Amino acid sequence: MYAVVGCTDCSAMWLLEDAHTAESATCPRCRRTHQTKKLRHFVEESDREAARQARSALLAKRDGNSAAFADTAHVAEMEQTLADDSQQVTDDEYLSGVGIDPDTVESAAQSDDTTQQSRPEIVRSAISSQDTPTDETIISYATNRGVPADATHALLEKLTQKGELTKSNGVYRLL
Numbered sequence: 344m345y346a347v348v349g350c351t352d353c354s355a356m357w358l359l360e361d362a363h364t365a366e367s368a369t370c371p372r373c374r375r376t377h378q379t380k381k382l383r384h385f386v387e388e389s390d391r392e393a394a395r396q397a398r399s400a401l402l403a404k405r406d407g408n409s410a411a412f413a414d415t416a417h418v419a420e421m422e423q424t425l426a427d428d429s430q431q432v433t434d435d436e437y438l439s440g441v442g443i444d445p446d447t448v449e450s451a452a453q454s455d456d457t458t459q460q461s462r463p464e465i466v467r468s469a470i471s472s473q474d475t476p477t478d479e480t481i482i483s484y485a486t487n488r489g490v491p492a493d494a495t496h497a498l499l500e501k502l503t504q505k506g507e508l509t510k511s512n513g514v515y516r517l518l
């Protein structure tokens with residue numbers, strides 16, 4: 344059994360399953376916990392879809408949109424329409440509709456240059472990808488990927504101080 348209940352504090356309405364057996368319920372909007380026996384039960388339905396539809400009707404009525412709600416399809420019908428692939432707009436149709444060439448977008452997405460890493464990620468990758476990651480090899484790796492040498496050195500110090508790295512005999516290791 345499903346019930347449409349309302350919060351006494353913020354006027355939110357939500358579905359509550361097993362309203363007669365549950366001792367308490369928490370409002371999804373204001374997070375207040377209510378005793379279910381003190382909550383106002385607007386509608387009780389045995390079917391979840393019917394309860395959802397009733398909640399939608401109550402919300403529309405409260406907001407003064409009863410006429411618009413009456414003209415709108417049932418929630419289950421709208422979900423079925425959305426699930427039908429023939430009703431959906433493809434990415435290419437959308438991009439073309441807003442004046443963007445879909446082929447250009449696809450080629451840009453496939454280029455290797457779009458995989459951006461942050462500087463700390465590049466330094467971590469340098470350490471994990473090398474057998475003996477020393478200052479020189481890490482700085483070389485990072486500068487090849489656009490991180491300046493002084494920034495790499497500063498990141499190595501920072502990550503070591505934070506306890507993410509350790510340096511022993513000139514070789515770094517991720518912790």
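Going by the working numbering, the first residue of the sequence shown is number 344, and it counts up by one from there. In this text, a Cβ means the ideal position worked out from N, Cα and C, and glycines have one as well. The structure displayed is predicted, hence computed values, not measured ones.
Test item: CB-CB of residue i and residue j under 8 angstroms
i: Tyr515; j: Leu499; result: yes
i: Ala393; j: Arg372; result: no
i: Ala403; j: Phe412; result: yes
i: Leu358; j: Arg395; result: yes
i: Ser468; j: Gln459; result: no
Residues of its chain near residue i, where Cβ-Cβ distance is below 8 angstroms and the 5 sequence neighbours each way are ignored
i: Val466; result: Ile481, Ala485, Val490, Thr495, Leu498, Leu499, Leu502
i: His384; result: Ala346, Val347, Val348, Ala362
i: Ser399; result: Phe412, Val418
i: Ser367; result: Thr376, His377, Gln378, Thr379
i: Ala416; result: Thr424
i: Gln431; result: Leu425
Residue from the options with nearest C-alpha to residue i
i: Tyr345; options: Ala365, Cys353, Ser354; result: Ala365
i: Cys353; options: Ser483, Leu382, Gln453; result: Leu382
i: Ala462; options: Asp493, Ala452, Arg391; result: This sequence places Arg at residue 462; Ala is not what is there. Measuring from the Cα of Arg462, the nearest candidate turns out to be Asp493.
i: Thr477; options: Ser409, Arg395, Gln378, Leu508; result: Leu508
i: Glu464; options: Arg488, Val448, Ala451; result: Arg488
i: Leu401; options: Val386, Asp414, Arg391, Thr415; result: Val386
i: Arg391; options: Thr415, Glu360, Arg405, Ala410; result: Glu360
DSSP bridge partner residues for residue i (one or two, in chain order)
i: Tyr345; result: Glu360, Glu388
i: Tyr340; result: For residue 340 there is no data in the structure shown, the boundaries of the chain being 344 and 518.
i: Thr369; result: Thr376
i: Arg383; result: Gly349
Other residues of its chain near residue i: CB distance less than 7 angstroms, five sequence neighbours each side excluded
i: Ser471; result: Leu517
i: Ser389; result: Met344
i: Asp435; result: Pro445
i: Gly506; result: Leu518
i: Lys510; result: Thr503
i: Leu438; result: Pro445, Val448
Close beta carbons around residue i, own chain, < 6 angstroms, minus the five adjacent residues each side
i: Thr475; result: Val514
i: Thr369; result: Thr376
i: Gln473; result: Thr480
i: Thr457; result: In this prediction, Thr457 scores a pLDDT of 41, lower than 50, which makes its location untrustworthy; the coordinate-derived value is nonetheless stated afterwards. Hits under 6 angstroms: none found.
i: Thr351; result: none
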